[in-house]
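Residue numbers (this note's numbering), protein chains in the order written: chain A, 57 to 375; chain B, 31 to 403; chain C, 5 to 245. Note that the Cβ used here is the ideal one computed from N, Cα and C, for glycine as well.
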Amino acid sequence: MSILSIKANSLSKAYGTVQAVKNVSFDVRKGEIFGLIGPDGAGKTTLFRILTSLLLPDAGQASVDGLDVVQDFKLLRQRIGYMPGRFSLYQDLTVQENLQFFANVFGTTIEKNYALIRDIYVQLEPFKHRRAGALSGGMKQKLALCCALIHKPRVLFLDEPGTGVDPVSRKEFWEMLRRLRDSDITILVSTPYMDEAELCDRVALLQKGEIMAIDTPEGITASYQRPLFAARSDDMYRLITDLRTLEPGADCYAFGEYAHLALAGTASRSATPTRPTTLSRRTSTETIQQYLESKGHQNVEVLNATATIEDCFIELMHD
Amino acid sequence: MNRFFAFVLKEFRHIYRDPRTMLILFGMPVVQVLLFGFVLTNEVKDANIAILDPSKDVASIRLTNKLVSSGYFRVAANLQSPEQLEPAFRKGSIKLALIFPSDFGHTLDHEGTAKIQLIGDASDPNTATTLINYANAIILNFQQEYAQSSLGVQQAQTPLILAETRMRYNPEEKAVFNFVPGVMTLILMLVSAMMTSITLAREKELGTMEILLVSPLKPLQIVLGKTAPYLALSFLNAALVVLIGMMVFGMPMRGSFLLLGFECFLYMFVALSLGILISTRAQTQMAALFVSALSLMMPTIVLSGFLFPRESMPVFLQAVGTAFPATWFIPIIKGVMIKGVGLSYLWKETLVLVGMAVVFIGVSVRNFKSRLE
Amino acid sequence: MDYAIQTDHLTKTFGNFTAVNAISFEVAPGEIFGFLGANGAGKTTALKMLTGLLKPSSGQAWVAGIDVTRKPEHVKRRIGYMSQKFSLYEDLTVRENIRLYGGIYGLKRTDIKSKTTTLLEKLQLEPYADQLVVGLPLGWRQKLAFSVALLHEPRIVFLDEPTSGVDPLTRRQFWDLIYEAAHTGVTLMVTTHYMDEAEYCNRVSIMVDGKIEALDTPRNMKKAFAATDMDEVFRKLARQA
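And the structure:
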């Protein structure tokens with residue numbers, strides 16, 4: 057058996073005239089946390105549905121755990137765990153009843169696979185007689201994970217598990233995922249949050265149904281090649297406007313309390329790097345500082361910045 | 031635990047935890063039966079009646095006066111001949127006609143018995159039945175008075191007035207006997223079809239359908255698991271409605287309970303498969319509700335003969351009506367409960383329902399997808 | 005100084021549950037104020053009181069100088085509101101949506117016309133003016149929704165989770181619009197439970213269980229909690245509570 061857990065080969069899917077997924081290929085290795093990172097409408101959910109055998113692709117093939125998603129869908133469905141994007145449990149059943157139900161549906165018992173969910177379930181235990189609908193966002197998410205895990209799947213599909221969940225629960229959730237990876241479960245997770253990319257082993261950046269890049273998070277940020285600065289002042293609106301006119305080809309966007317300024321430098325992904333313009337070679341934190349102060353900005357601060365996944369994503373969107 | 035029973039258990043939990051579902055399941059049938067029973071048949075005052083009295087003797091005039099003085103009736107027309115009856119009814123000016131024979135008083139005095147005819151307006155069967163019941167009670171009362179009065183002393187026994195009641199248009203139509211089967215038909219359709227279509231659509235709406243599809247549950251298990259609880263509850267409902275019909279409104283039960291149970295089961299099966307059929311198309315609970323209300327409730331109420339006699343419908347609507355299971359089920363219940371007939375008389379209707387069940391379930395199983403659209 | 009928004013022990017109770025517990029804060033004109041908290045922390049209830057939809061149980065609040073408990077209808081006319089969940093009618097065209105909102109806020113017909121032209125031009129939506137909103141990409145819709153919320157030139161605009169789920173570039177473009185509005189003196193109150201959205205605000209408050217547990221600039225807050233981002237601030241705050 058191959059060490060690949062998921063193989064997607066040139067998958068395409070259209071809804072009417074809308075091409076949701078275009079020629080997408082990627083592999084996920086066994087025991088890996090693989091992230092599909094992209095905004096709403098990027099095609100994440102469609103890919104998930106194809107890989108969980110819920111949708112037939114228009115073109116391309118895919119296999120999960122060695123099983124074809126179209127031919128072997130019945131067998132496949134026994135081996136995967138799926139947590140859809142919306143909270144998809146029975147709100148009028150209690151925590152325990154939900155878990156019991158899914159265990160029965162998969163022909164197993166809670167006791168049999170308790171070891172796998174113990175860490176998560178202990179937190180739910182005090183509320184086991186509470187109806188799922190009355191749980192907090194974080195608790196709902198934990199219950200959904202338990203239900204998806206109760207039959208000890210070999211591949212876990214988590215579609216936007218972090219949406220609508222507070223930061224504390226979000227962090228705990230990712231810690232749980234890392235423990236699950238250690239028990240040899242392959243995890244495919246999707247998220248619109250760029251900051252969650254760093255928590256994955258490898259990620260695919262998805263936009264408008266196409267994969268823009270696949271790499272480790274470090275690999276992706278390392279491939280960013282434009283000179284990048286972070287600047288702040290008391291007036292963000294003027295700061296951004298002024299920085300955009302600093303020199304030709306400069307892009308500037310708000311990044312939290314800073315604005316990121318990307319200069320026209322080496323194109324990030326071309327095989328033969330273009331020569332940095334003389335203009336940007338001269339540009340430094342000092343020159344930007346002076347420029348901004350000359351424009352009347354107060355409390356100016358300019359730093360050399362390292363690219364984040366978001367910088368890379370924006371850059372790739374420009375390509 | 032078995033997959034299927036786990037599913038059924040879950041379904042029962044959904045039902046009894048949702049007050050609205052419980053209300054629809056058990057509140058609605060009771061309220062509907064009582065509503066149709068009382069509201070539609072109650073409070074008749076000063077109803078216009080026509081009298082045809084060729085005898086014009088003391089007895090007939092006294093009876094007429096007694097009817098009028100009760101406050102329920104008002105003589106709107108004194109007819110001279112039976113031919114005037116038809117136009118009077120057609121104009122809608124009278125609700126009931128009382129017809130004396132030409133020798134009413136004479137026969138009553140000398141033979142101790144006399145016949146009269148009460149003719150009700152079957153286009154409004156509920157009112158007609160009520161009026162006839164009132165009239166009968168007054169006639170009964172009159173008999174006793176008449177016996178004690180000087181005119182009747184020579185009789186050893188109480189004279190007997192035989193009131194023969196007749197409905198114009200369709201003589202079998204009786205209000206109580208009409209609405210109980212009608213409500214039963216409606217309720218079973220509602221509970222079986224509407225609730226199953228909604229409950230399946232709810233799984234789609236909540237996104238839980240995705241999880242169910244991705245599980246080893248077979249489509250048939252999902253469909254049967256969804257419908258089994260409603261089948262059981264519908265049965266309870268049917269029993270409840272029959273019971274109210276019999277206890278509160280004096281509905282007869284002349285046929286076999288076993289046959290009634292079997293026919294109910296068959297009809298529910300048809301309704302359930304219709305519900306599944308709707309849900310294979312409807313994506314949301316609202317859509318399911320809308321489609322079932324429009325395509326099932328309305329025809330069941332309007333076209334099946336529940337509220338309006340089918341005989342008085344245009345031929346086209348009668349034909350449309352035959353497409354709906356209710357149209358076939360109402361004659362079955364009436365046959366079993368009122369006429370007490372067996373399967374040998376009802377095989378045609380039963381066969382139609384069986385055919386419908388086969389078609390609907392076949393189409394819906396074919397439509398049910400193990401994948402999303 | 006006249007505040008754009010001011011609350012004084014604003015409280016809302018439902019039965020014996022206190023959804024909003026005596027919150028007091030001020031927002032200056034032209035400020036971008038982040039109103040954060042987990043789901044169920046009381047943000048929505050507070051927002052409903054400030055927009056005149058819900059009567060406070062006790063305490064006071066002024067929005068654009070108007071007492072919301074006494075004159076909620078006056079408040080409604082002076083504020084704009086945009087939520088991610090619902091802002092535009094999907095089955096109306098871009099132009100029809102603009103006209104509708106202009107009409108709702110009682111703008112003159114000629115004003116609506118001229119504003120529609122400027123707005124379409126600014127958002128580069130002219131080619132799509134007569135297309136149904138449902139066909140527009142999410143990011144465009146959000147930008148349009150924000151511009152429509154500004155149509156009647158409100159001094160204060162409430163934004164409910166405006167940029168969740170959009171791509172990073174569209175989000176920047178959205179924030180460009182917000183900064184621009186703030187630059188012209190409009191006050192913006194951004195309600196969100198996404199902490200990374202908070203870092204774009206001038207000041208933020210974090211609500212936990214109906215109370216405001218922290219209120220400062222994101223920078224100061226990160227310093228005070230020795231945190232690298234607002235997520236961490238929130239986590240540390242939650243641990244204290």
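Restricting attention to A:242, A:267, A:278 and A:190, the CA atom closest to the CA of residue 375 of chain A is found in A:267. For residue 16 of chain C, the pairing in a beta bridge is given by DSSP as C:24.
Proximity to residue 175 of chain A across A:69, A:206, A:298 and A:99 peaks at A:206, based on C-alpha coordinates. Apart from the 5 residues on each side of it in sequence, residue 81 of chain A sits with its Cβ closer than 6 Å to the Cβ of 64, 65 and 66 in its chain, given in chain order. Selection A:114, A:188, A:127 and A:134 evaluated against residue 244 of chain B yields A:134 as nearest (Cα-Cα). Following the DSSP letters along the chain, one finds residue 183 of chain A in no beta strand (DSSP E), marked with neither H nor E.
The beta-bridge partner set that DSSP reports for residue 6 of chain C is empty. By the CB criterion at 8 Å, residue 227 of chain A and residue 175 of chain C fall outside the cutoff. Under the Cβ criterion of 8 Å, residue 88 of chain A is not counted among the residues facing chain B. When the five nearest sequence neighbours on each side are left out, the beta carbons in the same chain lying within less than 8 Å of the beta carbon of residue 145 of chain A are those of 154, 188, 196, 199, 200 and 203, in order along the chain. Using a C-beta cut-off of 8 Å, the segment 44–63 of chain B makes no contact with the segment 346–353 of chain A, since fewer than three inter-stretch Cβ pairs fall below that distance. Residues of chain A with a Cβ closer than 7 Å to the Cβ of residue 204 of chain C are, in chain order, 310 and 312.
Closer than 7 Å at the C-beta level to chain A, one finds these residues of the segment 186–215 of chain C: 186, 187, 197, 199, 200, 203 and 204. From the beta-carbon of residue 119 of chain A, no residue of chain C is found nearer than 7 Å; the closest lies around 30 Å away.
Taking 8 Å as the CB threshold, residue 53 of chain B stays off the interface with chain A. DSSP, read as helix, strand or coil, puts residue 195 of chain C in strand. Not a single CB atom of chain A sits nearer than 8 Å to the CB of residue 39 of chain C.
In chain B, no part has a C-beta under 7 Å from the C-beta of residue 245 of chain A; the shortest such distance is about 16 Å. Below the 9 Å Cβ cutoff, chain B contributes no neighbours of residue 305 of chain A, its closest Cβ being approximately 45 Å away. The beta carbon of residue 144 of chain A sits closer than 8 Å to some beta carbon of chain B.
Where residue 263 of chain A is concerned, the enclosing beta strand (DSSP E) starts and stops at 258–263. In this structure, residue 17 of chain C lies away from residue 27 of chain C, with their beta-carbon atoms at least 8 Å apart. The contact set of residue 94 of chain C on chain A, defined by CB atoms closer than 9 Å, is empty, because the minimum CB distance reaches about 14 Å. Contact of residue 281 of chain A with chain C by beta-carbon distance below 7 Å is absent, the smallest such distance being about 18 Å.
For residue 316 of chain A, the enclosing beta strand (DSSP E) begins and ends at 314–318. The residue from C:226, C:61, C:57 and C:54 with its alpha-carbon nearest to that of residue 20 of chain C is C:61. Residue 195 of chain B and residue 151 of chain B have their alpha carbons spaced roughly 11 Å apart. Bridge partners of residue 85 of chain C according to DSSP: C:162. Following the DSSP letters along the chain, one finds residue 235 of chain C inside the alpha helix (DSSP H) bounded by residues 234–244. Counting along the chain, the unbroken alpha helix (DSSP H) around residue 203 of chain A starts and ends at 193–205. For residue 245 of chain B, the nearest beta carbon of chain A is closer than 8 Å to its own beta carbon. Residue 196 of chain B carries a strand assignment under DSSP once its states are collapsed to helix, strand and coil.
About 5 Å separates the Cβ atoms of residue 309 of chain B and residue 231 of chain B, confirming a contact at the 8 Å cut-off. In the DSSP assignment, the residues bridged to residue 79 of chain B are B:105 and B:126. Under the three-state reduction of DSSP output, residue 93 of chain B falls in the helix class. Of all alpha-carbon atoms in C:34, C:9, C:42 and C:32, the one lying nearest the alpha-carbon of residue 224 of chain A is that of C:42.
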